[in-house]
Each structure stands twice: as C-alpha cells, then as structure tokens.
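Note sheet for the following structure.
Next comes the structure, spelled out in structure tokens:
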C-alpha cells in the first residue's frame, strides 16, 4: 500500500513537472521551428533585396494592423527604408528583445532591436510610437488608416480569430505561440482591454488611437495615409522626399495568405506538442517498467 502511494506521489510530481516544463519548452521550441520554417526564408530574402541608408530610425508607421502595414512595409523597403514589422518578432530572441524594449523603454534596447532598419511598422510601432519619437526625434510619422468598420471586419477575421482562444485552432488555447504572446502584451492588453473580439471596444480604440496620434505629432511631420483612398506612390514619396519608382505599388498580405500562414503555425505547434507528449509518455513508461 505504501509503495502504491509512493508511486502515485512520484507520478503526480512527474506529471506536474512535465506540465510546467511543457508550458515553457513547447512554445520556445515551436517558436524557433516556426521561425526557421515559415518566417526566416522571407525575412532573409527581404534583407538581401532592400537597399538604402540604415543609420537610425527615419520612419515610424503607427497605424493599427490590417491597415496596409505589410504593403507599406514592402513599399518602404523598395524606397530604401528597410522596415521592421511585427512579423520579425517570429524570431524568439527578437521577440524577447522587443518585450524588454516595450516594457522598460530603454533606448539601448530599441537601438539593438532596430539595428539595420530605417523604419518600423505594425503593432511594435503602434504600442511605442511616442517613446520612439523621443529616441529618434528626426523620424517622420505615417499614420495608416481606413474606415473603422471595414478595418474591424478585416481585423476580426484574421488576427484575433487566430491568436485569441480560437476554437478552430485549439492549439492556441493549449500553448500560446510566442508571436501571439507579443501581440497580446503589446497590442491587445494596451489598446483593446484584452478583448480583441469585442467590436465596440476595438472600433473605439481604433478611433482613439488616430485622434491621439494627430494630437501628439506635428502636422509637418505627419502623413495620414488612407489605404482605401490612396493610389500609388505619390503622397508617400512626396512625404519622404524620394523619387517615385517605376514599379507598381505593392499590395500584399491578403486574407487568404494570412489564413494559410496561421494554419501553418498551428500545425507546427501541434506537431511540437505531440512530440513532447510522446516523449513524456515514453519516459513515464520507462519509469513504470523499471520500478
């Protein structure tokens, strides 16, 4: 009887240890695997293709996600302003550096994070644009916007649906991917009251952010870029004082491509979780056999 109780205690401790380790090890492992398989090829290609000055931040693109941030990032790359985007946080070490910079506002952390980039976009810029303006006072600010209701329709069908307790991708409930964690801390918690699926809260936050940016940024240093009204390069190039390139303005990150990417991330995390469970069960069986 004592042996059974002792075995049950040992099994309970082992199970608890496995859960704790799994909650730490699985997201980290899956994060690195996701980065190398899904993000590194495109990010590496971006670094090879971009040209231009890389000395300090020169452009802060501070509109909410799903307002053309990926298209504008690509456009800035083409114009010689290498752009840091939320997708770059797929690399776990970069994501951790961002969290440190975001939480403590240390200029050294921001300089390290943005080393080699002349622009920043997506939620890393949204959540810290005022701090970035202080660190890089010569940087110009672009506020990318669109109709609030149309924005929420696009936003709700992509980002929160796949990073905030999605029933379709249950893996996001079991093990929060690192990239989703960065979105949660830097965007959902700060702007959306941690309720990205509440339309009223999100639309109100979207409108409030636009008003605050307009209040905080000098009109001479601000370009309001409505992605549903702007056509081509004209206003962007005029604002940045660069020549208009002889190529079409990029339109990327359509909804289907985003869905494919998120499903791929969920698949990677599922495989990592299953491998971890298999290893844990194997260790448990070995302990039982040799007891």
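In our numbering, the protein residues as written are 2 to 292.
Just so you know, even glycine gets a beta-carbon here, dropped at the ideal spot from N, CA and C.
Worksheet item: Hey, is the stretch 256 to 268 in contact with the stretch 183 to 192, meaning 3+ C-beta pairs nearer than 8 Å?
Response: no
Worksheet item: Using the rule of at least 16 other Cβ atoms within 10 Å of the residue's Cβ for burial, across every protein chain shown, is residue 124 buried or exposed?
Response: buried
Worksheet item: Does DSSP put residue 133 in a helix, in a strand, or in coil?
Response: helix
Practice prompt. Can you tell me which of the three DSSP states residue 227 falls into?
Written response: strand
Worksheet item: Would the stretch 150 to 162 and the stretch 84 to 104 be scored as touching if the rule is three or more Cβ pairs under 8 Å?
Response: no
Discussion item. Given this structure, state the Cα-to-Cα distance separating residue 199 from residue 257, to the nearest angstrom.
Written reply: 23 Å
Worksheet item: Given 8 Å as the limit, is there contact between the stretch 195 to 209 and the stretch 124 to 142, that is, 3 or more CB pairs closer than that?
Response: no
Worksheet item: Mind checking residue 116: buried by the 16 CB within 10 Å criterion, or exposed?
Response: exposed
Item to complete: Buried or exposed for residue 270, please, with buried defined as at least 16 other CB atoms from any protein chain shown within 10 angstroms of its CB.
Response: buried
Worksheet item: Which one of 140, 130 and 240 has the shortest CA to CA distance from residue 65?
Response: 130
Discussion item. Judging by CA-CA distance, which residue of 142, 86, 226 and 231 is the nearest neighbour of residue 43?
Written reply: 86
Practice prompt. Alpha carbon to alpha carbon, how far is residue 96 from residue 34? Give it in angstroms, no decimals.
Written response: 14 Å
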